[in-house]
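Report on one structure; see the data block that follows.
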Amino acid sequence: MLPDGVNLLWKYWSDEVVVLNTASGQTHLLDSLSAAVLGEIERGPGSARDLAERLGHSHELDSDATLIARIAQVCAEFEGLGLADRTGP
Amino acid sequence: MITKVGDLSAGDFARRLAGDGVRIVVGPFIPRFRSRIGALAAPLQLLYDAFPLADEAIADFHINLVPTRSPRRPTSPLVEFRLDDQLVFIPFPRDTALPLVEWGFNFCIFGNAHYYLIIHAAVVERDGQAVLLPGLPGAGKSTLCAALVHHGWRLMSDEFALVRPADGLLDAVPRPISLKNESIDIVRGFGPDVVLGPRSKNTFKGEVAHMRPPADSVARAGEPSRPAWIIFPAFTKGAETRLDPVSRARAHFELASNSFNYRFLGGDGFRLLVDVIEGCACHRLTYSRLDEALALFDDLARGASVAA
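Protein chains in written order, with the numbering used here: chain Z, 34 to 122; chain Y, 279 to 586.
Below, the structure written as C-alpha cells:
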C-alpha cells in the first residue's frame with residue numbers, strides 16, 4: 034500500500050515513467066513494469082500475488098511465479114524508497 | 279550621461295562601491311554591491327562594464343564584502359560575504375574576494391528567486407531558441423558556454439536556467455562566466471576580444487577567472503527565449519565528438535536532480551519541468567574538441583539532423 038500522506042504525480046514518457054512523490058519531494062525514474070506495479074499499489078493495497086493477478090488482467094501478463102517474484106522485488110525497492118508500506122508479513 | 283557601470287570613472291566606481299554601494303541591473307535582479315576592499319573595485323567594474331546602473335533605491339540583494347582577519351592568524355586577510363548584513367559563508371581568503379562575489383551572488387539567486395524553476399545549467403540562445411547545458415562540475419559546461427558565446431550565441435546564463443512559471447520561457451541573467459584551471463587559458467586563446475578578469479589562485483575550486491559577458495548579451499538581457507534543446511555536455515579527453523539521444527524521462531530525472539528548487543516547488547515544479555522537456559530535443563554531447571562541438575551546435579541551430 035502507499036504510505037500515509039504519499040501522493041504521486043505521474044508523467045509517462047514513452048516506455049519510461051517519471052513519478053514525483055509530493056510528500057518527500059523525490060522524483061523517481063521507473064521502467065514500465067515498475068510503473069505498472071506502483072500504479073496498482075496506488076489503486077489499492079495487495080500482496081505481490083494480488084498485484085500480479087491484477088496486472089495480469091490489465092496488462093495481459095501471465096501471473097506466474099517469475100512475475101510474482103519480480104513484483105515482490107520491486108515492492109521491496111519501493112519500500113526502501115518510501116513509495117510503499119508492507120501490509121502483511 | 280552615466281547609464282552603465284563602464285560609464286563611471288574608476289575612481290567614482292571605487293568610491294560608490296566603498297560608500298553607498300553600486301546597484302546594477304543583472305537580468306531580472308538588482309544586486310547592490312558594497313565593499314571597502316579597494317582591490318575589488320577594478321576587476322568588478324571590468325567584468326560588469328556593460329551592465330546598466332539601477333537608479334532606483336531598491337535592490338533585491340544587499341551584498342557587502344567585508345574585510346576581516348582571522349582571530350587565530352591575524353596576518354591572514356580574509357573577506358566576509360554578507361547578504362542583508364548577515365554572514366552567509368565562513369570567511370574566505372581576501373585574495374579570492376572576486377570569485378566570492380560571484381559565488382555569493384549565485385547563492386542569492388538560487389536561495390531566493392523561487393518565482394522561477396531554477397535549473398543548474400548554462401543557457402545560450404540563437405534565433406529565440408535556447409540550449410540548456412546542464413552539467414556537473416568537470417562536465418565542461420562553462421568552457422563550452424564561453425566557446426558558444428564567443429561563436430555568436432547569446433549568453434543567457436552560465437549558471438542558471440530561470441524558467442518562468444507563466445509561460446515556460448527562460449529569463450536571461452547574463453553574468454561573468456566562471457572559468458576554472460585549464461579552461462582559463464583555453465578561453466583566453468579564443469582571441470584578443472576575450473576579456474578576462476584577474477586569476478584567483480588557490481580557491482576551493484582551484485584557479486578561477488571570469489570572462490566578461492559580451493555587451494550584446496547584456497543589452498538583450500530583457501529578451502526571454504524558448505527552451506528548444508537540452509544538451510548534457512560530457513568533456514572526455516581524447517573522445518570523438520558525438521551526440522547521443524537522451525530519453526525525455528532520463529532528461530526529466532537528471533534536470534530534477536540538477537535543479538536548485540524543484541523539490542521546493544513540489545507539483546508546480548514537476549509540471550513546469552514537464553512543459554520544458556516536452557518542447558525540447560534532448561541529447562548527451564561527448565566531446566574533446568571545442569571546434570567540433572561548435573559545429574554540432576551550428577547544425578542544431580540550422581535544424582539539421584544531428585542525432586548520432
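Backbone N, C-alpha and C fix where the C-beta goes; we use that ideal spot for every residue, glycine too.
Secondary structure of aspartate 405 (chain Y) (DSSP, three-state): coil.
Among the CB atoms of chain Z, one or more fall inside 9 Å of the CB of glycine 545 (chain Y). Going by DSSP, asparagine 390 (chain Y) is part of the alpha helix (DSSP H) stretching over 375-390. The beta carbon of serine 67 (chain Z) sits no closer than 9 Å to any beta carbon of chain Y. Counting only runs of 3+ residues, the beta strand (DSSP E) found wholly inside the stretch 417-454 of chain Y occupies 432-435, 438-441, in chain order. By the criterion of at least three beta-carbon pairs nearer than 8 Å, the stretch 42-55 of chain Z is not in contact with the stretch 87-99 of chain Z.
Within the stretch 38-60 of chain Z, contact with chain Y at the beta-carbon level (separation under 8 Å) is assigned to Leu42, Lys44, Trp46, Ser47, Glu49, Val50, Val51, Leu53, Thr55, Gly58, Gln59, Thr60. Inside the stretch 282-316 of chain Y, DSSP marks whole alpha helix (DSSP H) runs of 4 or more residues at positions 288-296, from first to last along the chain. Ranked by Cα distance from glycine 475 (chain Y), the first of Y:Val303, Y:Gly297, Y:Asp327 is Y:Asp327. Under the 9 Å criterion on CB atoms, valine 554 (chain Y) is classed as non-interfacial with respect to chain Z.
In the three-state reduction of the DSSP assignment, valine 486 (chain Y) falls in the strand class, which pools E and B. Measuring C-alpha to C-alpha distances from alanine 105 (chain Z) to each of Z:Leu63, Z:Lys44, Z:Gly79, Z:Leu42 identifies Z:Gly79 as the nearest. Proline 412 (chain Y) sits close to asparagine 536 (chain Y), with the two beta carbons spaced by under 9 Å. Per DSSP, valine 524 (chain Y) is not a residue of any beta strand (DSSP E), being assigned neither H nor E. Collapsing the DSSP output to three states places valine 496 (chain Y) in a helix. Here asparagine 54 (chain Z) is bridged, per DSSP, to Z:Leu41, Z:Gln59. Nearest to arginine 294 (chain Y) by alpha-carbon distance, out of Y:Phe575, Y:Arg549, Y:Leu318, is Y:Leu318. Listed in chain order, the non-local C-beta contacts of glycine 484 (chain Y) below 6 Å within the same chain comprise Lys458, Asn459, local neighbours out to five positions each way being set aside. Annotated three-state conformation of arginine 567 (chain Y) is coil, per DSSP. In the DSSP assignment, arginine 87 (chain Z) falls within the unbroken alpha helix (DSSP H) covering 81-92.
Here arginine 351 (chain Y) carries a coil assignment [DSSP, helix/strand/coil]. When rounded, the separation of the alpha-carbon atoms in proline 502 (chain Y) and tryptophan 431 (chain Y) is 14 Å. Between the C-alpha atoms of valine 402 (chain Y) and isoleucine 455 (chain Y) there is a straight-line separation of about 12 Å. The Cβ-Cβ distance between phenylalanine 339 (chain Y) and asparagine 390 (chain Y) falls below 9 Å.
Neighbourhood of phenylalanine 548 (chain Y) in chain Z, by CB distance below 7 Å: Leu42, Leu53, in chain order.
Less than 9 Å divides the Cβ of tyrosine 540 (chain Y) from the Cβ of isoleucine 397 (chain Y).
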